[in-house]
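Novice: 19 is the number of the first residue of the sequence shown in the working numbering; add one for each residue after it.
From the three backbone atoms N, C-alpha and C, an ideal C-beta is built for every residue, glycine too.
Before we start, here is the structure in question, set down as structure tokens.
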Amino acid sequence: MSIGTAFVYSERFQEYDLSPTHPLQPIRLKLTYELLRAYGFFEKSGMAVVQGREATDDELALVHSPKYIDVVKNVSKTAEAGAKLYSFGIGPGDNPAFEGMHSASSFVVGSSITAVDLVMSGKVEHAINISGGLHHAMRDRASGFCIYNDAACAIAYASKKYGARVAYIDIDAHHGDGVQWAFYDRADILTISLHESGFFLFPGTGFVDEIGSGEGTGYSVNIPLEP
């Protein structure tokens, strides 16, 4: 029988550090963990803190192109992003290159996949990866602070390994565009996104007429809201 909740956490989450002045700061994750620990959250019956892991290249390739994965690996060595990398979404601004970018980003993905395995194997009823939700990354492009798309990779992994039909519900203020487009033509993956309208907020998508295509028609649901 499955019991309780797994909280996937690691100090390695601090490695996903786009820059000291970037709006997405990894310290937010450590502070969240420490606050929950101070309140005794992890001492409750049925709670467990579980270490994450890096995703394999094959797991990343469930969503991302091999070429893009190689680009991220290469730029991770030097953190030097020339003009040629702009086509992959990497460069000054939202997605600056940083040393160790591949391993830090794949650790986020692997941690979400760890959560999937824990739930699908019946070891726990619920699992959460607080470093996850990097839902803007595309097949071959970084976007919106997101290098690899952990949510899409976890969904694709659950589908491939467990044959799961998945309902994905996104309540971020921004449209979950990367996840939507990853499964836009699939009828076994339902994506639902509630977000501020793309008329007002990045990424400028997620309108009600984005309903899927082909066999996936009707399996993409968008609920754009006024600011």
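Any chance you could list the alpha helix (DSSP H) runs of at least 4 consecutive residues sitting entirely within the stretch 67–126, in chain order?
Specialist: Entirely contained in the stretch 67–126, the alpha helix (DSSP H) runs reaching 4 residues are, in chain order, 75–78 and 84–96.
Novice: Which first and last residues belong to the beta strand (DSSP E) in which Ser231 is found?
Specialist: Within the sequence shown, the letter at position 213 stands for residue 231. From DSSP, Ser231 is part of no beta strand (DSSP E); its letter is neither H nor E.
Novice: With C-beta atoms as the reference, is Ala169 less than 8 Å away from Gly150?
Specialist: Taking the first residue of the sequence shown as 1, we reach residue 169 at position 151. Taking the first residue of the sequence shown as 1, we reach residue 150 at position 132. Cβ distance < 8 Å, so Ala169 and Gly150 count as in contact.
Novice: Kindly indicate which three-state DSSP category Met19 falls into: helix, strand or coil?
Specialist: Translated into positions along the sequence shown, residue 19 becomes position 1. With a pLDDT of only 44 at Met19, under 50, the local geometry of the prediction cannot be trusted, and the value read off the model is given with reservation. Three-state DSSP puts Met19 in coil, outside helix and strand.
Novice: Sorted by chain position, which residues of the same chain lie with C-beta nearer than 6 Å to Val226's C-beta, five sequence neighbours on each side aside?
Specialist: Taking the sequence shown and counting its residues from 1, one reaches residue 226 at position 208. Cβ neighbours of Val226 beyond the five flanking positions: Asn240.
Novice: What are the complete alpha helix (DSSP H) segments, minimum 4 residues, inside the stretch 131–212?
Specialist: Listed in chain order, they are 168–180 and 195–200.
Novice: By DSSP, does Phe31 sit in helix, in strand, or in coil?
Specialist: Residue 31 sits at position 13 when you count from the first residue of the sequence shown. Reduced to three states, the DSSP call for Phe31 is helix.
Novice: Excluding the 5 residues flanking Ser121 on each side, which residues of the same chain have their C-beta closer than 8 Å to its C-beta?
Specialist: Working through the sequence shown from its first residue, we reach residue 121 at position 103. Excluding sequence neighbours, Ser121 sits near Glu33, Glu72 and Ser94.
Novice: Measuring only the C-alpha atoms, how far is Ser105 from Arg159?
Specialist: Here residue 105 is taken as the residue at index 87 of the sequence shown, counted from 1. Here residue 159 is taken as the residue at index 141 of the sequence shown, counted from 1. Between Ser105 and Arg159, the C-alpha separation is close to 7 Å.
Novice: Is the separation between the beta-carbon of Phe31 and that of Met65 shorter than 8 Å?
Specialist: In the sequence shown, the residue the question calls residue 31 occupies position 13. In the sequence shown, the residue the question calls residue 65 occupies position 47. Cβ atoms of Phe31 and Met65: not closer than 8 Å.
Novice: Would you identify the three-state DSSP class for Leu42, choosing helix, strand or coil?
Specialist: For the purposes of this step, residue 42 is identified with residue 24 of the sequence shown, where counting begins at 1. If DSSP states are grouped into helix, strand and coil, Leu42 belongs with coil.
Novice: Restricting to Cα atoms, I'd like to know which of Gly224, Ala200, Thr223 and His40 is closest to Asn113.
Specialist: For the purposes of this step, residue 113 is taken as the residue at position 95 of the sequence shown. Selected option, being the one with the closest Cα: His40.
Novice: Which residues in the same chain have their Cβ closer than 8 Å to the Cβ of Tyr86, if we skip the five residues on either side of it in sequence?
Specialist: Position 68 of the sequence shown, counted from the first residue, corresponds to residue 86. Only Phe106, Arg157, Asp158 and Arg159 meet the Cβ criterion.
Novice: For Tyr51, which residues from the same chain have a beta carbon less than 7 Å from its beta carbon, with the 5 sequence-adjacent residues on both sides left out?
Specialist: Locating residue 51 in the sequence shown gives position 33, where the first residue counts as 1. Excluding residues within five positions, the ones whose Cβ falls inside 7 Å are Tyr27.
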